[in-house]
Structure formats: C-alpha cells, structure tokens
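To convert, count from 1 in the sequence shown and add 20; that's our numbering. The C-beta atom is built at its ideal place from N, Cα and C for all residues, glycine as well. Treat the numbers as computed from the prediction; the structure is a model and nothing was measured. Take a look at the structure set out below.
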Amino acid sequence: AVRIHDHQRCQNRVREYMALAPTLEYRSIVKCHGVQTERGYSRLLYDLMTSPLSGFQTHDMEILSHIADNILFGLQYLRKKNIVFKFLSPSNIFYDDADMAFKIGDVGAPKDLLFDLDCQPVPNVEAERYVAPELLSYMVRLSVEGVENWDVWSLGMCLLEFYLGKFPIDYDKRKDTKGVSLPFFMAGMPNPPRAPPEAWPPFRHFIELCLQRSPADRASVDQLLSHEFVLTFDFEHQEGKGKNEGDRLD
21 AVRIHDHQRC QNRVREYMAL APTLEYRSIV KCHGVQTERG YSRLLYDLMT SPLSGFQTHD
81 MEILSHIADN ILFGLQYLRK KNIVFKFLSP SNIFYDDADM AFKIGDVGAP KDLLFDLDCQ
141 PVPNVEAERY VAPELLSYMV RLSVEGVENW DVWSLGMCLL EFYLGKFPID YDKRKDTKGV
201 SLPFFMAGMP NPPRAPPEAW PPFRHFIELC LQRSPADRAS VDQLLSHEFV LTFDFEHQEG
261 KGKNEGDRLD
C-alpha cells in the first residue's frame, strides 16, 4: 500500500507512479491489473500467487541460481522504467508454476520517490530487515541519491537466507546488541554476512559481491547477470526448474 498524503503535490506524484504499475509487463514481475483507493490508501491489485518464499530453504545451487537469474532480470527491467526496488525480501518473491519462473511481487518505486519523505511507500516490518545499510536512516538516505544497487544488497540477503534457512544476521536485542533496534544494529555492523565456507565457491563470491557495505563496492545488476553463479545453469526453455525433490516452493 502507498499512503496518499493530503497535500496535492504528493497525491499527484504517487498517482502517476501507481498508474505506471499496470503497464509493466515482464516474465519476472507479478502482473498488476489496477489500483484500488479507499480511506486515503491506494492498493495495487496483482495476480493471485501462491505463498511467497518466506521460510524457504535449499542447498541446491541450481534452484538458487534460478532465483537469482529471474530476479536480476526483473530488476534490470524495472531499472529501464526508472524504478529501483527498495524493499525486496522473501515475502515478495514468488514462484509461478505456470511460467516456471520466480517473480517479484511488487514493482518498487521510482527513484526520486524513494527520497521524498512525504510520499514514502509503506513497507512491512519483515521487508525492512533486507534494506541496504545506507538506506536505514534519514541522513544516510540523503547522501546516496543516484546510487542504484540497494536492491542488490537485498537480493544477496534473500539468497543467503534461502541457503541458511534463517535470517543471515545474528541479532538478539536482549544480549549482544545493547538494546538497539535491528536497523541501527545493521547500519553500524562492521562486517556484512557471508556464505559459509562449505558453500559452492561461485555462490560464496556472488553473495560477497552483493553484500558490500559501501554501494561503490557493491556489484551492479548487469555485473551479476554475467557472474559464473548465474551463467553456469541455462534456464531458458527448460521444464520444471526449481522443483527438485525435497525443496518446497509452495
């Protein structure tokens, strides 16, 4: 949902953005069919999908590569529409049996809208855990305009969670974090999470390229699409990808 604030400028900008959503047509994007507005909130109406990948786990590198391949192409498509996905998380990644594709279940927001604090998309609490460190505070947000790889961090966090079967950052507000909230803890975290040493080396390197604290050091979507982890498996025109026995996608 996107909150429509009272002043006219914000109303016009958000409505322009929401009018764009139903025009997006891509295999890795869940189709949006229209907009519903009620009591000051506007909701985008998407195709009905099965459960998202929240809680999903696998060590199968072909499945993880398939997820990365599909989502990266979706992010690349959105960039061409001047859209950067800020709140990518397991809760908005879906598997579509009909298309045999992993899909992004939201369309993000135009880049300039992300820095307009009067017209902010409303994330769910779970999605905020996957936001890039440089976007976790107001002052930091203002210093990174023009950077376009926030969603690369989020993708790396999602893939690592799918491999580990848990959120990649050890966080216990009662014990080791001096009572600070998770966003503040992540913003000050000196070392980003990494894939364990027993994981396939191309996967470990891919995760390392995604989870760089500095946006300047983080890989771009185009660079990741050329990575060995993505290119090793050929997904085009293949049947049943992501359906290995023991790995539940629903």
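Around Gly185, the same chain offers Gln77 as residues with beta carbons nearer than 7 Å, after the five sequence neighbours per side are excluded. Straight-line spacing of the CA atoms in Arg99 and Val151 works out to 17 Å.
Counting along the chain, the unbroken beta strand (DSSP E) around Phe114 starts and ends at Ile113 to Asp116.
Closest option to Phe107, judged by alpha-carbon separation, among Leu155, Ala41 and Leu245: Leu155. The beta carbon of Asn90 sits closer than 6 Å to the beta carbons of Ser48, Ala121 and Phe122 from its chain, once the five residues preceding and following it are set aside; these are given in chain order.
Here His53 carries a strand assignment [DSSP, helix/strand/coil]. Here the stretch 167-177 makes contact with the stretch 240-255; the two share three or more CB pairs at distances below 8 Å. Under the DSSP definition of a beta bridge, Ala121 partners with Asp116.
Assigned with DSSP and collapsed to three states, Arg99 falls in helix. Here DSSP, grouped into helix, strand and coil, assigns Leu244 to helix. Following the DSSP letters along the chain, one finds Glu154 in no alpha helix (DSSP H), marked with neither H nor E.
Here Ala118 is exposed. Its C-beta has fewer than 16 other C-beta atoms within 10 Å. Secondary structure of Arg47 (DSSP, three-state): coil. Look at Tyr66 here: in three-state DSSP terms it is strand.
8 Å or more divides the Cβ of Leu231 from the Cβ of Pro210. DSSP, reduced to helix, strand and coil, places Glu218 outside both helices and strands of the structure shown, so it counts as coil.
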